[in-house]
Amino acid sequence: MPREFKITDAQHGAAFTVRVVTRANNVEIVGIQDDGSLKIRLTESPAEGRANTQLIEFLADVLEVHPDQIEIVAGADKPNKIISVEGVSPGWIEQRLVQGS
11 MPREFKITDA
21 QHGAAFTVRV
31 VTRANNVEIV
41 GIQDDGSLKI
51 RLTESPAEGR
61 ANTQLIEFLA
71 DVLEVHPDQI
81 EIVAGADKPN
91 KIISVEGVSP
101 GWIEQRLVQG
111 S
């Protein structure tokens with residue numbers, strides 16, 4: 011049974027998990043994975059952190075926040091990542107993700 015996408019309330023913001031697919035044809039939110047993580051396609055390669063940079067810029071645009079508010083707190087060198095967004099609530103993130111997908 012698929013798990014529900016979960017955004018965790020943190021002390022200074024919110025956090026959620028993503029599964030990144032690199033070298034895709036488009037930059038887009040694909041949907042929710044069976045493990046509850048948000049699947050995102052990126053066009054960049056993971057080499058030299060380019061995909062991570064693109065991920066942060068894309069999420070900043072979708073979430074309407076400054077890129078400095080977004081941090082990859084775990085999994086920077088892996089497809090599965092934990093993303094922290096400073097200064098916003100889980101509800102803010104959920105609303106923006108629904109609008110952006």
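Going by my numbering, the sequence shown opens with residue 11, and the numbers climb by one from there. Every residue, glycine too, gets a C-beta built ideally from N, C-alpha and C.
Where residue i sits in the DSSP three-state scheme
| i | result |
| --- | --- |
| residue 52 | coil |
| residue 59 | helix |
| residue 97 | coil |
| residue 9 | Residue 9 is absent from the model: the chain starts at 11 and stops at 111. |
| residue 108 | helix |
| residue 3 | Any answer about residue 3 is impossible in this case: the structure gives the chain only from 11 up to 111. |
Residue i: first and last residue of the uninterrupted beta strand (DSSP E) it sits in
| i | result |
| --- | --- |
| residue 29 | 23-31 |
Within 8 Å, strictly: CB atoms of residue i and residue j
| i | j | result |
| --- | --- | --- |
| residue 92 | residue 62 | no |
Cut-off 6 Å between Cβ atoms - residues of its own chain near residue i, not counting five sequence neighbours on either side
| i | result |
| --- | --- |
| residue 27 | 47 and 92 |
Same chain only: Cβ atoms within 7 Å of residue i, ignoring 5 sequence neighbours per side
| i | result |
| --- | --- |
| residue 86 | 62 |
| residue 41 | 49 |
Nonlocal neighbours in the same chain, by C-beta distance under 8 Å from residue i, ignoring five residues either side
| i | result |
| --- | --- |
| residue 34 | 51, 52 and 53 |
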